[in-house]
Structure formats: C-alpha cells, structure tokens
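Read through the structure below, which is laid out as structure tokens, and then see the notes.
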Amino acid sequence: MIRALHRWPGLLALALVTILSLSGAALSVFPAAECIAAPQAEAGLTVASLADRIHAVYPGVEQIRRSPSGRITAYWFDQGAPGAAVIDPATGGGVASADPNQAERWLTNLHRSLFLGDGGRIAMAAGAAAMLVLSLSGAALVVRRAGGWRHWFARLRGLLVGRLHVEIARIAVVGLVLSSTTALWMTASTFDLLPDGGAIAAAPTEVSGETGFTLDRIPTLQQTPVAELRELSFPYPGDATDVFTLKTDRGTGYLDQGDGALLAWADLTGWERVSETIYMLHTGQGAATLGLVLGLMALSVPAMGATGVRVWLAGRRGRPRVRGNQPVGRAETILLVGSEGGSTWGFAATLQAVLTEAGQSVHVGPMSAFTPERYTSAQRIILLAATYGDGAAPASAKGFLDRLNASDRAPNIPLAVLGFGDRSFPAYCAFAKDVAAAAQAKGWPELLALDTIDRQSPQDFARWGRALGDALGIDLDLSHQPVLPTTETLTLVSRRDYGAEVQAPTAILRFALPRVLLWQRLIGGGFARFQAGDLIGILPKGGTVPRLYSLASGRRDGFIEIVVKKHPGGLCSGQLTALEPGDTVSGFLRPNPGFRPGRSRAPLILIGAGTGIGPLAGFIRGNARRRPVHLFFGMRHPDSDFFYGEDIAGWQDEGRLTGLVTAVSRGARPHYVQDALRSEAAQVADLIRNGARVMVCGGRDMAAGVADALAEILATSGLTPAVLKAEGRYVEDVY
Numbered sequence: 069m070i071r072a073l074h075r076w077p078g079l080l081a082l083a084l085v086t087i088l089s090l091s092g093a094a095l096s097v098f099p100a101a102e103c104i105a106a107p108q109a110e111a112g113l114t115v116a117s118l119a120d121r122i123h124a125v126y127p128g129v130e131q132i133r134r135s136p137s138g139r140i141t142a143y144w145f146d147q148g149a150p151g152a153a154v155i156d157p158a159t160g161g162g163v164a165s166a167d168p169n170q171a172e173r174w175l176t177n178l179h180r181s182l183f184l185g186d187g188g189r190i191a192m193a194a195g196a197a198a199m200l201v202l203s204l205s206g207a208a209l210v211v212r213r214a215g216g217w218r219h220w221f222a223r224l225r226g227l228l229v230g231r232l233h234v235e236i237a238r239i240a241v242v243g244l245v246l247s248s249t250t251a252l253w254m255t256a257s258t259f260d261l262l263p264d265g266g267a268i269a270a271a272p273t274e275v276s277g278e279t280g281f282t283l284d285r286i287p288t289l290q291q292t293p294v295a296e297l298r299e300l301s302f303p304y305p306g307d308a309t310d311v312f313t314l315k316t317d318r319g320t321g322y323l324d325q326g327d328g329a330l331l332a333w334a335d336l337t338g339w340e341r342v343s344e345t346i347y348m349l350h351t352g353q354g355a356a357t358l359g360l361v362l363g364l365m366a367l368s369v370p371a372m373g374a375t376g377v378r379v380w381l382a383g384r385r386g387r388p389r390v391r392g393n394q395p396v397g398r399a400e401t402i403l404l405v406g407s408e409g410g411s412t413w414g415f416a417a418t419l420q421a422v423l424t425e426a427g428q429s430v431h432v433g434p435m436s437a438f439t440p441e442r443y444t445s446a447q448r449i450i451l452l453a454a455t456y457g458d459g460a461a462p463a464s465a466k467g468f469l470d471r472l473n474a475s476d477r478a479p480n481i482p483l484a485v486l487g488f489g490d491r492s493f494p495a496y497c498a499f500a501k502d503v504a505a506a507a508q509a510k511g512w513p514e515l516l517a518l519d520t521i522d523r524q525s526p527q528d529f530a531r532w533g534r535a536l537g538d539a540l541g542i543d544l545d546l547s548h549q550p551v552l553p554t555t556e557t558l559t560l561v562s563r564r565d566y567g568a569e570v571q572a573p574t575a576i577l578r579f580a581l582p583r584v585l586l587w588q589r590l591i592g593g594g595f596a597r598f599q600a601g602d603l604i605g606i607l608p609k610g611g612t613v614p615r616l617y618s619l620a621s622g623r624r625d626g627f628i629e630i631v632v633k634k635h636p637g638g639l640c641s642g643q644l645t646a647l648e649p650g651d652t653v654s655g656f657l658r659p660n661p662g663f664r665p666g667r668s669r670a671p672l673i674l675i676g677a678g679t680g681i682g683p684l685a686g687f688i689r690g691n692a693r694r695r696p697v698h699l700f701f702g703m704r705h706p707d708s709d710f711f712y713g714e715d716i717a718g719w720q721d722e723g724r725l726t727g728l729v730t731a732v733s734r735g736a737r738p739h740y741v742q743d744a745l746r747s748e749a750a751q752v753a754d755l756i757r758n759g760a761r762v763m764v765c766g767g768r769d770m771a772a773g774v775a776d777a778l779a780e781i782l783a784t785s786g787l788t789p790a791v792l793k794a795e796g797r798y799v800e801d802v803y
C-alpha cells in the first residue's frame, strides 16, 4: 500500500512536481540576492530618523516600505508624477529602481499558477499535495528498507540508482515536507479556505485637526527601530482628518499628524504570526539562508524523479506481473518474497496462479512489508526467501528479521519457509535458515518444514509444491518456467588461450559492445552502463539456466571481456571456450555493486587465483587515477596460466599497478595465494591499518584460506576479516 502510494503520485505528477521544484529553487535565490544588494539600515536607526531623511529628499513621499530582506523602498508624487526608488537609509536618497524584477515575476507566476490563473493555482496545489504524499510515503519506505528509524542513515546496498534515490531522499525529505505543507497552506489562504484570524486597529474617529508635526518628534516613530518597520503611509496632503498608518512586526497603529499621538493600535494575533511564519518558511523572505537550503533540497526532486523512474522500470523488468493479487486483509494465503535480482518473484507468481486456480485467495508482497496485524483473514503464510551475498537479507526482505525479533510473539498462522540459493556457495540459503530459526524461536506454528530450491530448479519447486498440496489437502502441480532476462547478441572479436599444458584450458574472451539504443542510454538498460566486477549472464544453447561470469572490463574500455575455464561436462563453459572470432552468444548484464573498488584514494589489495583474476584485471586497467594497487595472484604455472601476464608489465610501467606478488601451486614447492600473503605479512598489515580495501575473487576454498591468512596477519592489530567486512573494507566475489 505504501509503495503504491509512493509510486503512482510520483509517476502521474512527475512533470508538475518537477516544474514546481525547479521554479521554487530558482525563486529561493532572489531573497538572498536582494539581501546582499540592498543598502541596509545602520543599527539603532529609528523610523522617525529614516522618514525624516526620506522626506527631506522627496517632500511628496506617500509611503515607505521595508521588505523582510531589509530593502527600503519609497513612493512619492512630484508635481503630479509618481516616483519610486530603493532607498539608501544612510542618506534618504534613491540608489536603484523600484521596478519589479521581471525574471522573478515570471518565475513567480509559473510557480504559483502556470500562468493559468485560479485553475493553475489548483493544479500547482495538486502538485504540492503529490510532493507531500511522495515525501511522507518515501520516508516510510526508507524506514522500512533501513529496518527502523534508528537506522535512518544506515549504509545502503543494491544498485547505484536505487541507493542514490534513497540517499537523496534521506537528506531532502524534511525540506520537501516543509515546502509542500507551507505551499498547501498558502493556497488555502489564497482561496479563503482558512479563517482570517487578523485584528485590524479601529480607524480613529477623533483627530487633532492640526498638521505639520515634524516626523523626528513623533514618539511612536522615535521608539520604533527600522528593523521592525514594514510600512509607513503618510496622510494625504492638505487633509487634516487623515493620519499616519504604521505597520510593524508587532502590529498596526494610527498616528495623529498634528501632535504625533498614537490614536489606535492592534497587535498581531497568534494566527497572523503563524501565517507570516509559514510565508517566511516557504518563500525565504526574511530567512534567506533557510530559503537557499530549501531551494537546494527542491533541486533533489528532479534527481529523485529520474532515479525513481529508473527504479520503477527496473522493478517492472525484475518482477512478473501478478494477476489477481488479492488485498492483504482478504487473502487466505499470504506469499511474502525476499529477492535480490528478481527471479524469486517468478516462482511466487507461479505459486500464486496455481493456488488461485485451486480456489485460494492469495496476496503476494515483499517480506519487507511484513505486517501480521493486517493478515486478518490469513490461514497460512508462505515465505519465499533468497539469500544475498554471505547470508544477508535480499533487498525485498530488508528489516523482516528485525521486526520479527522485536515482536512480542509470532502470528498464530501456520508458516512455511522456502529458501532459494546455489549449493556451490557456502552460505547456501543462509537467510532462509535464519528466518526459519527465528520463527521457531518465536513459537511460530509450522505448516511445512524448511525446504530449499537449488539453482532455481523447476524440479525442486515442483517437488516442494506437492508437499505443500498434501499439507493443504489439494493437488498442486507447480510447473515453473523461469522468465529469462532480455538478452543481447554478443560477437567474439578476440581470444587468448591458456592452461592447455596443465589440463585446464582457459580463455580470455573479448566481445564487441552491442549496439545501445537511445532509450537504453537514458535508463541504463542493456549494456549502456557497466563496470569491471559486474556480472554477465550467458545463456548456453540448449540450456535454461544462465551462467554468470565476472566482467574484466568496463563500458569505457570499449569491449566486454571475461575469463572462462572449461569445466569437464560444463555446457556453458564448453560452448564459450569453443568460440572463434565472429561467433556469437546471447548474454545479459547484471550489476554487482557490492564488488567494486569505489572512488576512494585508499590503497587496494587485490587477491585472486585462477579465473578470479578477471575483475581484478579490470580494476587495474581502469585505475587511471594511479591509486595504489597491490595484486596477489595465484596460478598453477607461469608458463601456462599466468593470465594477463603480458599486460601486467605495462600496467606497472603506467602506474596502474603498484605491486605484484605471485604464487605458483604446481612447482617444486607448491605455493598458494594465502602463502604469498603471509610472506608479505608486514606490508599487508601496514596497508590495512592505513585504510586499504581488500578485494578477493576466486574459488570458495581459496577465499577461506585467504580469510584465515589475513586473520593471522592482523591478529596483533586488533583487526579481523569480520571487522573489515563490517567496515566495508573486505569484499568477496566467490564461486
């Protein structure tokens, strides 16, 4: 519900909200510019002295106004001709034209009404309302994603566009709520939808009938500092019944022109003060610095609009459309999904369709939306949970375990947990196992015992479906067809072969960049944007499950490069290593933001073995800023599989690679990459103590050995691999 409340106002009102925010940001500059340009009154100057100075220069003065910026403007008649000027309070003379700034007037009309009068004002009020809904719903989504208000500024992960959207929102949301709320207040005031609440001083019925009392002797004007002045209106010349009208920050009063007496006075009411404060907060008039800050926050709206559309499009590509999804309060079966890349949503859609066909009412939603009190009709809850990285919650399950652990008790609704993962990884279905353990600890009734799906296996899913059907007393035939990402045709342009001498044929394959359409450049689709360390999915001929490879190149390199070792009986690796220049394969891009070197100038320690050199070589090739990079590389034999050996010397000469340490495992004295680390223990420890980031790529056994070696090396420094991981200074890409 909250996600929909955030999504649709944003999409429908994007253009209107963008105009509103950009024009508001531009208008925020004018109060500050006016404050800087206008001559300011000296401290202690009274209205009496100011009025006397202006009257001496312009005897026909009719009115003196002071704006919240401190600019003083006088209006007069001279021989029947009107005049106006910005006044220097030190002399009482004019220093600049009082004509309105045409650019400011044009922007104001655009901002208030789109040049469409009252209809435009209503449209812009709708835009402000949409901005308020977006701000509040966005704040709720940030809280949900972060796992609570206390984690508002917690470190984010996921795709760059999504992280950027949330980072901007976390900073700008307060300003956007303030701007949109005050805009709605001012619109309501314009259309007289708010009570007046003002007090007007009663016009005097008795005056002295005299004229000519000098301005500098009027007591009230002598006691009023210019800093409090808003407006002083003079009596009509020759009319002894007219009076001075004084408006200040405190209220409004009338002064006798014959003896200077204060005839009537009315203080500003509390309602008027609230209205004026709201006007100040919205326009920046009287608070130029605040206005500039709010203007800068308003500039975040177009940025969040662009990133929000990108996130929405990515979500539409990643999630299948769930037809017939029932409202959460009326559903008998609640399906909650924890997914990082989107594939688990496809399994949820298949399960929902089959259960619906069997007569069940089903609601499908993210695990991050877990709200037991809303499941008023639920008879069962099924969690489909993938695992992110080394056992962490995937993107759509963020905060689930925190809310479950913080609850007094689990829902009294039978639960089934189904984990999705890859058995080749050590943290196979670790998040699903954590969820099942937490549910058991809370006493959550069990519908089915924890089960798992290996590598998106349709057979495993069908087997689990039969067990679920038995538990429900219905026949369930879960025939799932994975929805594959849209692929591009990749043409091989060159290859370099290694490893034949050690019976481990491996190739560095370089493909031409596929054509990128304009709309892909705008939304980052296809191969429009990628970096070394991202993943490329290759769909082998005759296969249904793509194989992922780490990229050894970025978009700026002008090609797509991977390192592939041929595995005995491997369908995808066999096809790839058999390619010749000119041959083609089908592939798609999958970002991997958790395995990137970042933009820091801190040293990098790159550790890899075998084909794990691929993304590390890409990082070194892309090190145009000459960041200190130290590579530890393990190989079987330098004559057979020293991948990128012919490039490394050039990278060292160019300053892209600072140091190289190799380990050879098929020599007279087998030496592994973890042994190479121990041999350079002093340097490694010193680099890490000084902020170095460690990046490991390769097989899981190698990665485990590296972690053990680093634990030994850092034992005396109080650091551990776990601490470095928590700080974001130790990342792995393990297969």
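In the numbering used here, the protein residues as written are 69 to 803.
Beta carbons: idealized from backbone N, C-alpha and C, even for Gly.
**Study point:** Assigned exposure category for PHE259 - 16 Cβ within 10 Å defines buried
**Key:** Start at 1 with the first residue of the sequence shown, and residue 259 comes out as number 191. Exposed, because fewer than 16 other Cβ atoms sit within 10 Å of the Cβ of PHE259.
**Study point:** Three-state class that DSSP yields for TYR456 in the structure shown
**Key:** For this step, residue 456 is matched to residue 388 along the sequence shown. In the displayed model, TYR456 falls within a strand according to three-state DSSP.
Review point. According to DSSP, is HIS431 helix, strand or coil?
Key: Against the sequence shown, residue 431 aligns to sequence position 363. Note: HIS431 maps to strand in three-state DSSP.
Practice item. Return the chain-ordered ranges of every alpha helix (DSSP H) run that is complete within the region 493-542 and spans a minimum of 4 residues. Key: 498-509 and 526-540
Point to revise | Residues near ARG669 in its chain [Cβ-Cβ closer than 7 Å; skip 5 each side] | key: Position 601 of the sequence shown, counting from 1, holds the residue named residue 669. The residues are ARG695.
Review point. From LEU182 to PRO263, what does the alpha carbon distance come to, in whole angstroms?
Key: Stepping through the sequence shown from its first residue, residue 182 is reached at position 114. Stepping through the sequence shown from its first residue, residue 263 is reached at position 195. Each residue's alpha carbon lies about 26 Å from the other.
Practice item. Taking 8 Å as the cut-off, decide whether the C-beta atoms of VAL805 and MET435 are in contact. Key: No answer is possible for residue 805: the residues shown for the chain start at 69 and end at 803.
Exercise for review: Tell whether a beta-carbon distance below 8 Å holds between PRO608 and LEU639.
Suggested key: Here residue 608 corresponds to residue number 540 of the sequence shown, with the count starting at 1. Here residue 639 corresponds to residue number 571 of the sequence shown, with the count starting at 1. Their beta carbons are under 8 Å apart, which means PRO608 touches LEU639 by this criterion.
Check your understanding: When DSSP labels each residue in this structure, what does GLY162 get in the three-state scheme?
Key -> Numbered from 1 along the sequence shown, position 94 holds the residue referred to as residue 162. Strand.
Point to revise | Inter-residue spacing [alpha-carbon to alpha-carbon] between THR401 and PHE656 | key: Position 333 of the sequence shown holds residue 401. Position 588 of the sequence shown holds residue 656. Distance between the alpha carbons of THR401 and PHE656: 34 Å.
Review point. When we look at the beta-carbon of VAL242 and count the other beta-carbons within 10 Å, is it buried (16 or more) or exposed?
Key: The sequence position of residue 242 within the sequence shown is 174, counting from 1. VAL242 is exposed by the Cβ-count criterion.
Practice item. Just grab the DSSP bridge partners of SER343 for me. Key: Counting from one through the sequence shown, the residue named residue 343 turns up at place 275. Answer is none; SER343 lacks a bridge partner.
Exercise for review: Quick one: grab the DSSP three-state call for GLY138.
Suggested key: Counting from 1 along the sequence shown, the entry for residue 138 is found at position 70. Coil.
Point to revise | ARG689, buried or exposed, once every other Cβ within 10 Å from all chains shown has been counted against 16 | key: As a working note, residue 689 is residue 621 in the sequence shown. ARG689 is buried by the Cβ-count criterion.
Review point. Would a C-beta distance cut-off of 8 Å place ARG563 and PRO649 closer than the cut-off?
Key: Working through the sequence shown from its first residue, we reach residue 563 at position 495. Working through the sequence shown from its first residue, we reach residue 649 at position 581. Yes, the Cβ-Cβ distance between ARG563 and PRO649 is below 8 Å.
Exercise for review: For GLN652, name the three-state secondary structure that DSSP assigns.
Suggested key: Along the sequence shown, read from residue 1 onward, the residue named residue 652 stands at position 584. For the record, residue 652 in the displayed sequence is Thr; it is not Gln. Looking at THR652 - three-state DSSP - the assignment turns out to be strand.
Practice item. Excluding the 5 residues preceding and the 5 following HIS739 in the sequence, name in chain order all residues of the same chain whose CB lies nearer than 7 Å to its CB. Key: On the sequence shown, residue 739 is found 671 positions in, with the first residue counted as 1. Excluding sequence neighbours, HIS739 sits near ALA731, VAL732 and SER733.
Check your understanding: What is the DSSP secondary structure of LYS315, counted as helix, strand or coil?
Key -> Looking up residue 315 in the sequence shown gives position 247. Here LYS315 sits in strand by DSSP.
Check your understanding: Do LEU619 and ILE628 have their C-beta atoms within less than 8 Å of each other?
Key -> On the sequence shown, residue 619 is found 551 positions in, with the first residue counted as 1. On the sequence shown, residue 628 is found 560 positions in, with the first residue counted as 1. Contact flag set, yes.
Practice item. Kindly indicate which three-state DSSP category ALA100 falls into: helix, strand or coil? Key: Translated into the one-based positions of the sequence shown, residue 100 becomes position 32. If DSSP states are grouped into helix, strand and coil, ALA100 belongs with the helices.
Check your understanding: Would the C-beta of GLY533 count as close to the ligand FMN, meaning under 7 Å from any of its heavy atoms?
Key -> Absence of the ligand FMN is noted for the structure shown, with no ligands found whatsoever.
Exercise for review: Could you check what DSSP says for SER203 in three-state terms: helix, strand or coil?
Suggested key: Position 135 of the sequence shown holds residue 203. In the displayed model, SER203 falls within a helix according to three-state DSSP.
**Study point:** Residues sharing a beta bridge with THR557, DSSP
**Key:** Taking the first residue of the sequence shown as position 1, residue 557 is located at position 489. Paired residue(s): SER654.
**Study point:** alpha helix (DSSP H) segment containing LYS634, residue limits
**Key:** Residue numbering aside, residue 634 sits at position 566 when the sequence shown is read from its first letter. Looking at the DSSP string, LYS634 is not in any alpha helix (DSSP H), and its letter there is neither H nor E.
Check your understanding: Is any beta-carbon of chain D found at less than 8 Å from that of GLY594?
Key -> Protein chain content of the structure displayed is limited to a single chain, and chain D is not contained in it.
Check your understanding: Does DSSP put TRP805 in a helix, a strand or coil?
Key -> Given that the chain is displayed from residue 69 to residue 803, the structure contains no residue 805 and the question cannot be resolved.
Exercise for review: Decide if the region 565-579 is in contact with the region 449-459; the criterion is three or more beta carbon pairs, one per stretch, under 8 Å apart.
Suggested key: With a cut-off of 8 Å, the region 449-459 and the region 565-579 do not count as touching, because too few Cβ pairs lie within range.
Review point. Can you give the beta carbon distance from GLY622 to ALA596, rounded, assuming they're within the 8 Å contact cut?
Key: The residue labelled residue 622 in the question sits at position 554 within the sequence shown. The residue labelled residue 596 in the question sits at position 528 within the sequence shown. Incorrect: roughly 12 Å between the Cβ atoms, too far for contact.
Review point. Along the chain, where does the alpha helix (DSSP H) that runs through PRO479 open and close?
Key: Taking the first residue of the sequence shown as 1, we reach residue 479 at position 411. Taken as a continuous stretch (DSSP letters only), PRO479 belongs to no alpha helix (DSSP H), as it is neither H nor E.
Check your understanding: What residue does the beta strand (DSSP E) around ALA152 start on, and which one ends it?
Key -> By 1-based counting over the sequence shown, the position of residue 152 is 84. Taken as a continuous stretch (DSSP letters only), the beta strand (DSSP E) holding ALA152 covers 149-155.
Exercise for review: Quick one: grab the DSSP three-state call for ILE681.
Suggested key: Numbered from its first residue, the sequence shown carries residue 681 at position 613. Of the three classes helix, strand and coil, the one that applies to ILE681 here is helix, per DSSP.
Check your understanding: How close, in whole Å, do the beta carbons of ALA153 and GLY162 come, if the pair is a contact with beta carbons under 8 Å?
Key -> Along the sequence shown, one-based indexing puts residue 153 at 85. Along the sequence shown, one-based indexing puts residue 162 at 94. That belief holds up - the Cβ atoms of ALA153 and GLY162 are roughly 3 Å apart, short of 8 Å.
Check your understanding: Around the Cβ of ASN691, are there at least 16 other Cβ atoms within 10 angstroms (buried) or fewer (exposed)?
Key -> As a first step, residue 691 is located in the sequence shown; it is residue number 623 there, counting from the start. Buried, because 16 or more other Cβ atoms sit within 10 Å of the Cβ of ASN691.
Review point. Who does HIS698 pair with in a DSSP beta bridge?
Key: Position 630 of the sequence shown, counting from 1, holds the residue named residue 698. Paired residues: ILE673 and GLY727.
Review point. Taking the alpha helix (DSSP H) that ASP335 falls in, what are its first and last residues?
Key: By 1-based counting over the sequence shown, the position of residue 335 is 267. Counting along the chain, ASP335 falls outside any alpha helix (DSSP H), though it belongs to the beta strand (DSSP E) covering 330-335.
Point to revise | the region 131-146 in contact with the region 187-200 per 3-pair CB rule at 8 Å | key: no
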